[in-house]
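K.L.:
The structure follows.
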Amino acid sequence: MTLLFRLASLLLSRKEHARFVQNGTWLEGALECFSTKEFPDLPSISRRPTVLMYGSSIAGTAFRGGDADYAVVFPFSLSSSDSLCKMCPRTHPSFCEVKRDQHRIFLLSILDHIRKTDNSGLLGCELICSARVPVVRIARQLRETSEVINFDVSLSLDGLRNSLLLRLYMELDPRLRAGVLCAKSWGRSQNILNARRGWISPYALTVMYIYFMQVSKRTNSIIDEDTVNDILCDTARVAAGDVGVVHPRCYNILPLRAVNLKDVLNDVRDFFIFFGGSGQFDFDKDVVDIRTRNKIVSKEQWLGEVQHLDSQSRWERLGYEAIMFRDPYEDHNLGRSVDFFRAENIRETFRLASIKDIEDAIFRQ
């Protein structure tokens, strides 16, 4: 079985992808009459909330059996005045964003609204606030097939922004994408991809791989983070009814393209060596950063930039500081939940993978 075929067999199927899109349409319909009037800090918005899918299914790195992720966002009306736009926190010019400290109560209000308007098929709901971004985890049985779909709902544009950035990288460089999928398969088999349990996230691993490919000059793909904002502007125009498109382009499933398999396997082996060997990436000194401007290259530099913060704010931004992976958009550490002992475990896991047969290391379950 060739590497490409093995990777294709792991990927999210078209049927699963269509189910995710359909579920997002249901969720948006359930929120059609949702009102923000009880939240005085959020400007009154004439249009209903928009539900946008994000996560690995958008990035093109989703495997079969995964869960869906949705962001409930609020596009500004095309006629919104500048004064209205200035009334709320904004990291993007086309969306009004809910303040982070209001996410919990806002999500509870959304959940209550769904239960009152369309609770058919809801099997369970759980508000999770232990994560940096609160989410509502929902299990729903589909009417058409009786299948159960598990999905998370958040209020943050950051997940969508990060997913779109990864998708651009995956679209531009099939070799990079194949390597990311190999690394993710390996990470799952080693049980190191669970940020909520103190490990790294699949997203963080993907950023690590992109960083490795860039610094080793194996990819020419270096994407300006602002490119994603242009996509979000188009998405907001769709949501505001300015153009007649049902779903943004990023909802199309990303096909797996042919690559030189020998190159990919060499890349993945060297990726393991880069983070697991000596004399290359130094977890105690170096920082993973794929931003195109104002890069942070060392832990010393990053710590210097946060020395003005109090201890709580520093913890919220950097966490344990055992491994330092900079988020491409937010001012926080993607490895913040990893303590010293798990960081040592991750390093050793990379080292062991670097001395094994590469295909066995990738696909051993």
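Just so we're aligned: the sequence shown equals residues -18 to -1, 1 to 347 in mature numbering (1 follows the signal peptide of the UniProt record, and there is no 0). Cβ atoms here follow ideal geometry from the backbone N, Cα and C, with glycine treated the same way. In this text the structure is predicted, and so the values were computed from the model without any measurement.
Counting only runs of 3+ residues fully inside the stretch 138 to 216, write out the beta strand (DSSP E) ranges in chain order.
P.N.:
Runs found: none.
K.L.:
Can you give me the C-alpha to C-alpha distance between G103 and Q123, rounded to a whole angstrom?
P.N.:
The sequence position of residue 103 within the sequence shown is 121, counting from 1. The sequence position of residue 123 within the sequence shown is 141, counting from 1. Spanning the two alpha carbons is a distance of roughly 5 Å.
K.L.:
Which of the three DSSP states is assigned to S39 in this structure?
P.N.:
Here residue 39 refers to the residue found at position 57 when the sequence shown is read from its first residue. Residue state, collapsed to three classes: helix.
K.L.:
V115 to S138, Cα distance in whole Å?
P.N.:
As a working mapping, residue 115 is identified with position 133 in the sequence shown. As a working mapping, residue 138 is identified with position 156 in the sequence shown. The straight-line gap from Cα to Cα measures roughly 7 Å.
K.L.:
Which of the three DSSP states, helix, strand or coil, is assigned to N248?
P.N.:
Locating residue 248 in the sequence shown gives position 266, where the first residue counts as 1. Residue state, collapsed to three classes: helix.
K.L.:
Pick from L236, L147, F263, D321: whose alpha carbon is nearest that of D212?
P.N.:
Start at 1 with the first residue of the sequence shown, and residue 212 comes out as number 230. Out of L236, L147, F263, D321, L147 has the C-alpha closest to the C-alpha of D212.
K.L.:
For I272, tell me which candidate among I192, T(-17), I182 has the shortest Cα-Cα distance.
P.N.:
The count along the sequence shown starts at 1 and reaches residue 272 at position 290. Of the listed residues, the one whose Cα sits closest to I272 is I192.
K.L.:
Which term fits L334, buried or exposed, when burial requires 16 or more other beta carbons within 10 angstroms of its beta carbon?
P.N.:
By 1-based counting over the sequence shown, the position of residue 334 is 352. Per the 10 Å Cβ criterion, exposed.
K.L.:
In whole angstroms, give me the CA-to-CA distance for T217 and D208.
P.N.:
On the sequence shown, position 235 is the one that residue 217 refers to. On the sequence shown, position 226 is the one that residue 208 refers to. When rounded, the distance between both Cα atoms is 15 Å.
K.L.:
Indicate whether F307 and V197 have their beta-carbon atoms separated by less than 7 Å.
P.N.:
For the purposes of this step, residue 307 is taken as residue 325 along the sequence shown, with counting starting at 1. For the purposes of this step, residue 197 is taken as residue 215 along the sequence shown, with counting starting at 1. Contact: no.
K.L.:
Report buried or exposed for D339, applying the criterion of at least 16 other Cβ atoms within 10 angstroms of its Cβ.
P.N.:
Position 357 of the sequence shown, counted from the first residue, corresponds to residue 339. When all chains shown are included, D339 counts as exposed.
K.L.:
To the nearest angstrom, report how far apart W284 and L291 are at their CA atoms.
P.N.:
Mapped onto the sequence shown, residue 284 falls at position 302. Mapped onto the sequence shown, residue 291 falls at position 309. Each residue's Cα considered, the two are about 12 Å apart.
K.L.:
Tell me residue 369's beta-bridge partners as DSSP assigns them.
P.N.:
Residue 369 is absent from the model: the chain starts at -18 and stops at 347.
K.L.:
Name the DSSP bridge partner or partners of G106?
P.N.:
Position 124 of the sequence shown, counted from the first residue, corresponds to residue 106. G106 pairs with A121.
K.L.:
My guess is that R149 and L236 are in contact by the Cβ rule of under 8 Å, so how many angstroms apart are they, rounded?
P.N.:
For the purposes of this step, residue 149 is taken as the residue at position 167 of the sequence shown. For the purposes of this step, residue 236 is taken as the residue at position 254 of the sequence shown. Yes, R149 and L236 are in contact; Cβ-Cβ is about 7 Å, under 8 Å.
K.L.:
Is the beta carbon of L163 sitting closer than 7 Å to the one on Y36?
P.N.:
In the sequence shown, the residue the question calls residue 163 occupies position 181. In the sequence shown, the residue the question calls residue 36 occupies position 54. No.
K.L.:
Reducing DSSP to helix, strand and coil, say where L291 ends up.
P.N.:
Numbered from 1 along the sequence shown, position 309 holds the residue referred to as residue 291. If DSSP states are grouped into helix, strand and coil, L291 belongs with coil.
K.L.:
Check V80 in the structure and name its three-state DSSP category.
P.N.:
For the purposes of this step, residue 80 is taken as the residue at position 98 of the sequence shown. In this structure, V80 counts as coil in the three-state DSSP scheme.
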